[in-house]
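Worksheet: the structure to be examined is printed underneath.
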Amino acid sequence: MAVFIFAACEKENDSPSGNTDTIPTDTVPTDTIPPTPDAYALVLNEGNMSANNASVSRLNLTTGVIDNQWFETANGRGLGDQAQDMIAYGTKVYITVTESNSLEVLNPATGVSTRVDMGDRKPRSMAAAGGKLYITCYNPYSVIRVDTASLTVEATCLLGQYHPEGIAIAQGKAFVASSYQGNSYDNHLYVVDLTTFANPTTVTVGMNLSNVKKINDNKIIVAWIGNYSDVPSGSAIIDATTLAVTNTGEALQKMDVYNGKVYGYSVEYDENWNETNNWKVINADGTREAFPFAVSLDANAYGININPANGDFYITSSDYSTNGDVYCFTPSGTRRFKVEAGAIPSKVLFL
Numbered sequence: 052m053a054v055f056i057f058a059a060c061e062k063e064n065d066s067p068s069g070n071t072d073t074i075p076t077d078t079v080p081t082d083t084i085p086p087t088p089d090a091y092a093l094v095l096n097e098g099n100m101s102a103n104n105a106s107v108s109r110l111n112l113t114t115g116v117i118d119n120q121w122f123e124t125a126n127g128r129g130l131g132d133q134a135q136d137m138i139a140y141g142t143k144v145y146i147t148v149t150e151s152n153s154l155e156v157l158n159p160a161t162g163v164s165t166r167v168d169m170g171d172r173k174p175r176s177m178a179a180a181g182g183k184l185y186i187t188c189y190n191p192y193s194v195i196r197v198d199t200a201s202l203t204v205e206a207t208c209l210l211g212q213y214h215p216e217g218i219a220i221a222q223g224k225a226f227v228a229s230s231y232q233g234n235s236y237d238n239h240l241y242v243v244d245l246t247t248f249a250n251p252t253t254v255t256v257g258m259n260l261s262n263v264k265k266i267n268d269n270k271i272i273v274a275w276i277g278n279y280s281d282v283p284s285g286s287a288i289i290d291a292t293t294l295a296v297t298n299t300g301e302a303l304q305k306m307d308v309y310n311g312k313v314y315g316y317s318v319e320y321d322e323n324w325n326e327t328n329n330w331k332v333i334n335a336d337g338t339r340e341a342f343p344f345a346v347s348l349d350a351n352a353y354g355i356n357i358n359p360a361n362g363d364f365y366i367t368s369s370d371y372s373t374n375g376d377v378y379c380f381t382p383s384g385t386r387r388f389k390v391e392a393g394a395i396p397s398k399v400l401f402l
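Each residue of the sequence shown is one higher than the one before, starting from 52 at the first, in my numbering.
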């Protein structure tokens with residue numbers, strides 16, 4: 052049975068800081084494709100539910116050294132309760148913190164961040180275009196448009212009766228996953244015209260939608276969870292112009308796009324609830340390929356991101372009770388390093 056788990060429970064970290072030049076002890080020598088010299092990434096640590104321990108770590112991609120106190124040191128405070136998403140746009144990095152009802156606007160060079168109060172909207176996932184942020188929110192169920200210059204909410208597009216989750220933008224439209232309300236699940240992908248920003252249309256796909264990613268200028272991929280019973284997980288490719296749907300036949304819990312291909316994994320459980328991650332590659336036409344290497348982790352996978360500069364895979368893992376880890380693999384599968392991050396590391400953002 053393929054199931055998605057959206058848990059947020061773990062403890063904060065005390066892993067190596069960035070003021071040492073040594074490579075972590077649990078490191079495998081580099082493969083033939085080196086990372087970009089002096090390149091860094093930010094790691095978003097989601098944090099435990101109601102523990103107020105979300106954080107942002109700074110990871111040196113050359114040495115594998117991580118500074119898990121980077122955000123706290125720069126700002127004299129923590130990130131908040133349940134960080135949901137992090138994107139780079141223009142010269143800033145934007146972070147939504149759902150239970151803290153905040154949008155962080157961060158200078159990636161210094162780590163200094165401005166916290167924007169989002170009222171009680173419970174912001175979730177983000178996409179950006181035309182100098183605007185588009186953010187899905189739980190209260191009300193909507194997409195809001197935020198001007199990145201003034202950091203004010205310009206407009207709200209209401210979406211209906213279900214929690215909105217992932218969002219992607221293509222062909223002047225925002226594609227928004229519609230998920231659940233109580234024990235009821237939606238099976239629609241909302242399509243919002245960014246010009247009118249009202250009266251969204253819908254595309255019928257799978258039940259209980261979750262993640263949405265842009266593959267190229269005219270294709271997006273959407274994944275759904277199912278109803279945890281007789282309706283399975285799955286995913287589909289959507290043509291951003293015609294809205295035609297191509298079912299892939301593949302469940303996806305987390306995914307990233309690199310060179311026009313979707314790399315991701317699903318989760319299966321046996322009768323004793325032991326978890327297995329199944330790794331896969333999906334092309335823009337919906338066809339499938341084998342994942343380029345066998346992924347070996349010490350805990351369950353929680354996220355996947357690919358460095359656009361060199362194709363290195365950064366896979367996060369978590370057991371939801373101790374600090375999570377970030378693994379770096381070369382495109383051929385050689386492990387460059389494994390390093391401890393914060394509470395439930397969910398996303399790696401390359402600067």
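Backbone N, C-alpha and C fix where the C-beta goes; we use that ideal spot for every residue, glycine too.
Review point. Are Ser3 and Gly393 touching if we call contact CB-CB under 9 Å?
Key: In this structure the chain extends from 52 to 402, so residue 3 is not present and cannot be described.
Nearest to Phe380 by CA position, among Gly300, Asp281, Ile357, Thr187, is which residue?
Against the sequence shown, residue 380 aligns to sequence position 329. Taking only the C-alpha atoms, the option nearest Phe380 is Ile357.
Checking the sheet assignment: what are the DSSP bridge partners for Gln304?
To locate residue 304, count along the sequence shown from 1; it is residue 253. DSSP output for Gln304 lists no bridge partner at all.
> Among the residues of its own chain, which have a CB less than 7 Å from the CB of Thr187, if the five just before and after it don't count?
Replying inline: Looking up residue 187 in the sequence shown gives position 136. Arg175, Ser176, Val194, Pro215, Glu216, Ile218, Val227.
**Asked** Which whole-angstrom value is the C-beta distance of Val94 and Pro396, which I expect to be below 8 Å?
**Response** If you number the sequence shown from 1, residue 94 lands on position 43. If you number the sequence shown from 1, residue 396 lands on position 345. The Cβ separation is near 5 Å, so the contact holds.
- Starting from Ala219, trace the beta strand (DSSP E) both ways and give me its first and last residue. Locating residue 219 in the sequence shown gives position 168, where the first residue counts as 1. Start and end: 215 to 221.
Where do the ends of the alpha helix (DSSP H) carrying Thr124 lie? If you number the sequence shown from 1, residue 124 lands on position 73. Here the alpha helix (DSSP H) through Thr124 covers 121 to 126.
Open item on the list: Asn278 and Thr236 - do their beta-carbons sit closer together than 9 Å?
Closed with: Residue mapping note: residue 236 aligns to position 185 of the sequence shown, counting from 1. Residue mapping note: residue 278 aligns to position 227 of the sequence shown, counting from 1. The amino acid at residue 236 is misidentified as Thr; the sequence shows Tyr. Contact flag set, yes.
* Can you list, in chain order, the stretches of the alpha helix (DSSP H) that have 4 or more residues and sit fully within the stretch 358 to 394? -> none
Review point. Tell me the DSSP bridge mates of Ser235?
Key: Against the sequence shown, residue 235 aligns to sequence position 184. DSSP lists Gln232 as partners of Ser235.
Who are the near neighbours of Asn267 in its chain, counting only those whose CB is closer than 7 Å to its CB and skipping five residues on each side?
-> By 1-based counting over the sequence shown, the position of residue 267 is 216. Excluding positions up to five away in sequence, the list reads Gly311, Ala335.
Hey, could you find the ends of the beta strand (DSSP E) Phe344 is sitting in? Here residue 344 corresponds to residue number 293 of the sequence shown, with the count starting at 1. Phe344 -> no beta strand (DSSP E), and no H or E assigned at all.
task: Give the straight-line distance between the Cα atoms of Asn234 and Val116, rounded to the nearest whole angstrom.
output: The sequence position of residue 234 within the sequence shown is 183, counting from 1. The sequence position of residue 116 within the sequence shown is 65, counting from 1. Each residue's alpha carbon lies about 43 Å from the other.
Counting pairs of Cβ atoms below 8 Å between the stretch 296 to 305 and the stretch 340 to 357, do you hit three or more? yes
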